[in-house]
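Taking it in order: structure first as structure tokens, then the write-up.
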Amino acid sequence: MRRTTIRVLGWLTVLALLLGLVWGFGVAPREVTQGNVQRIMYLHVPSAIVGEYVGFGVLFLASIAYLLTRSERADRLARASAEVAVVLLAITIVSGSIWGKPTWGTWWTWDARLTTVTILFVMGLAYLLLRGMIEDGERAARFGAVLGILAPLNVPLVHFSVYWWRTLHQPPSLLKPGPSMISGDAIKDALYINLAAFVLLYAYLVATRVRLLRREVEALA
Amino acid sequence: MPDNWGYVVAAYAVAAVFLGAYWRYLARRARQLDAYSLRRRRPPSMGHREPRAHVPAP
Numbered sequence: 007m008r009r010t011t012i013r014v015l016g017w018l019t020v021l022a023l024l025l026g027l028v029w030g031f032g033v034a035p036r037e038v039t040q041g042n043v044q045r046i047m048y049l050h051v052p053s054a055i056v057g058e059y060v061g062f063g064v065l066f067l068a069s070i071a072y073l074l075t076r077s078e079r080a081d082r083l084a085r086a087s088a089e090v091a092v093v094l095l096a097i098t099i100v101s102g103s104i105w106g107k108p109t110w111g112t113w114w115t116w117d118a119r120l121t122t123v124t125i126l127f128v129m130g131l132a133y134l135l136l137r138g139m140i141e142d143g144e145r146a147a148r149f150g151a152v153l154g155i156l157a158p159l160n161v162p163l164v165h166f167s168v169y170w171w172r173t174l175h176q177p178p179s180l181l182k183p184g185p186s187m188i189s190g191d192a193i194k195d196a197l198y199i200n201l202a203a204f205v206l207l208y209a210y211l212v213a214t215r216v217r218l219l220r221r222e223v224e225a226l227a
Numbered sequence: 561m562p563d564n565w566g567y568v569v570a571a572y573a574v575a576a577v578f579l580g581a582y583w584r585y586l587a588r589r590a591r592q593l594d595a596y597s598l599r600r601r602r603p604p605s606m607g608h609r610e611p612r613a614h615v616p617a618p
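So the sequences go chain by chain: A and B. The first sequence begins at 7 in my numbering and counts up by one. The second sequence begins at 561 in my numbering and counts up by one.
Take a look at the structure:
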């Protein structure tokens, strides 16, 4: 992606994040049951969806593409996506923990959803660690691609953990088939606007990282 | 239920710190690559000599 395009994407991301903040704090009403602490969901839910499904989904597909074609572009995309997914999952885990203290009465519990997300986060870290440990670029890409396929296999486990086990965590808010469990259009709108903003944020960060990885290879050539 | 604004501010602040740190890492990497490519592009005929510390050890 060209530098100008990435810059435009960056400004669009800033605007979308600002709109999300305005909607989340200015337009969406105070939630009746949870109070204002529910506003953490405008951060927690988008970062979780984009980090888990988009970030690890792209890592999975790009890793398969690399093993099939040995394309360096696929490898760069996989690595960039893994980095951004790990950052977003860290935000998910910390914001969920901060929300959990006033709502559940605890910072952390070994609930099925929390545990599976943490395993996914650690697998993302392991992927990045593996890439950093191997000096030979081709071997790092090949081994990384194998882990890049294995780690996202945990995503369905994360998604269905709230159905398969008795958990403290509620079922999915947005990715649930059938009628929505979210009350109020403004709350739903705030979630969707912030979700769109996080998709843009992910695209901007991945595009920037992919460009940097390409420049690193060119600089070493 | 009380409003717990402190928790809300803390959650958004932590997210801003994480994203800011990653963005700064990317910006620093870009600056390093810019400096590196500038050094490589500089023509040797200009009489510029690299500082001793930058000369790679044999």
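Even glycine gets a Cβ: it sits at the ideal position worked out from N, Cα and C.
Practice task
Consult DSSP for A:Gly-41 and reduce its assignment to one of helix, strand or coil.
Solution key: Numbered from 1 along the first sequence, position 35 holds the residue referred to as residue 41 of chain A. Three-state DSSP puts A:Gly-41 in a strand.
Practice task
Starting from the beta carbon of A:Ala-96, find every residue of chain B whose beta carbon is closer than 8 Å, and list them in chain order.
Solution key: Position 90 of the first sequence holds residue 96 of chain A. Correct list: Phe-578.
Problem - Anticipated Cβ contact below 8 Å, A:Gly-30 with A:Tyr-48, distance rounded - result: Against the first sequence, residue 30 of chain A aligns to sequence position 24. Against the first sequence, residue 48 of chain A aligns to sequence position 42. With a Cβ gap of about 4 Å, A:Gly-30 and A:Tyr-48 count as contacting.
Exercise for the section: Please confirm if the stretch 71 to 82 of chain A is in contact with the stretch 101 to 119 of chain A, defined as three or more CB-CB distances below 8 Å between the two stretches. Expected result: no
Exercise for the section: Along the alpha helix (DSSP H) that carries A:Ile-140, what are the first and last residues, could you check? Expected result: The count along the first sequence starts at 1 and reaches residue 140 of chain A at position 134. Careful: A:Ile-140 lies outside any alpha helix (DSSP H) and carries neither H nor E.
Practice task
Give the interface partners of A:Asn-42 over in chain B, defined as CB-CB distance under 7 Å, in chain order.
Solution key: Counting from one through the first sequence, the residue named residue 42 of chain A turns up at place 36. Asp-563, Asn-564, Trp-565, Val-568, listed in chain order.
Exercise for the section: With 8 Å as the threshold, decide whether the Cβ of B:Arg-625 is near any Cβ in chain A. Expected result: Since the first residue shown for chain B is 561 and the last is 618, residue 625 of chain B is missing from the structure and cannot be characterised.
Exercise for the section: Compare the C-beta of B:Pro-616 against all C-beta atoms of chain A and say whether one is closer than 8 Å. Expected result: Against the second sequence, residue 616 of chain B aligns to sequence position 56. Note on B:Pro-616: pLDDT 39, under 50, position unreliable in the model; the coordinate value appears next. So, not an interface residue.
Exercise for the section: Compare the C-alpha of A:Leu-24 against each of A:Ala-227, A:Ile-125, A:Leu-207 and name the closest. Expected result: Here residue 24 of chain A corresponds to residue number 18 of the first sequence, with the count starting at 1. The shortest Cα separation from A:Leu-24 among A:Ala-227, A:Ile-125, A:Leu-207 belongs to A:Leu-207.
Handout entry: Rounded distance between the beta-carbons of A:Val-38 and A:Val-205, thought under 8 Å
Key = Numbered from its first residue, the first sequence carries residue 205 of chain A at position 199. Numbered from its first residue, the first sequence carries residue 38 of chain A at position 32. The Cβ separation is near 29 Å, so there is no contact.
Exercise for the section: Would you be able to state if there are at least three C-beta pairs under 8 Å between the stretch 11 to 25 of chain A and the stretch 167 to 178 of chain A? Expected result: no
Handout entry: Beta carbon proximity, B:Val-589 to chain A, threshold 8 Å
Key = Position 29 of the second sequence, counted from the first residue, corresponds to residue 589 of chain B. The question names Val, but residue 589 of chain B in the sequence shown is Arg. It does: the Cβ of B:Arg-589 has a partner Cβ on chain A nearer than 8 Å.
Problem - chain B residues whose Cβ lies nearer than 7 Å to that of A:Arg-45 - result: Start at 1 with the first residue of the first sequence, and residue 45 of chain A comes out as number 39. Here the neighbours are Val-568.
Exercise for the section: Give the C-beta separation of A:Leu-3 and A:Leu-126 to the nearest angstrom, bearing in mind that I take them to be a contact with Cβ-Cβ under 8 Å. Expected result: The displayed coordinates of chain A run from 7 to 227. Any statement about residue 3 of chain A would go beyond what the structure contains.
Problem - Any alpha helix (DSSP H) of 4 or more consecutive residues that is wholly inside the stretch 86 to 173 of chain A - result: 118 to 139, 143 to 156, 161 to 170
Practice task
Kindly give me the distance between the Cβ atoms of A:Val-92 and A:Leu-131, rounded to whole angstroms, as I take these residues to be in contact under 8 Å.
Solution key: Here the question's residue 92 of chain A lines up with position 86 in the first sequence. Here the question's residue 131 of chain A lines up with position 125 in the first sequence. That belief holds up - the Cβ atoms of A:Val-92 and A:Leu-131 are roughly 6 Å apart, short of 8 Å.
Problem - Cutoff 6 Å; reference A:Arg-36; Cβ partners in own chain excluding five residues on either side - result: Taking the first residue of the first sequence as 1, we reach residue 36 of chain A at position 30. Counting only Cβ-Cβ distances below 6 Å, and skipping sequence neighbours, we find Asn-42.
Exercise for the section: Pick helix, strand or coil for A:Arg-220, following the three-state DSSP scheme. Expected result: Within the first sequence, numbered from 1, the residue matching residue 220 of chain A stands at position 214. Three-state DSSP puts A:Arg-220 in a helix.
Handout entry: Contacting positions in the stretch 8 to 24 of chain A - beta carbon closer than 8 Å to chain B
Key = none
Exercise for the section: Closer than 7 Å by C-beta to A:His-50: which residues in its own chain qualify, once you throw out the five before and the five after it? Chain order, please. Expected result: The residue labelled residue 50 of chain A in the question sits at position 44 within the first sequence. Thr-98, Ser-101, Gly-102, Trp-105, listed in sequence order.
Handout entry: Cβ distance (whole Å) where A:Ser-87 is taken to contact A:Val-212 below 8 Å
Key = For the purposes of this step, residue 87 of chain A is taken as the residue at position 81 of the first sequence. For the purposes of this step, residue 212 of chain A is taken as the residue at position 206 of the first sequence. Rounded, the Cβ-Cβ distance is 6 Å, consistent with contact.
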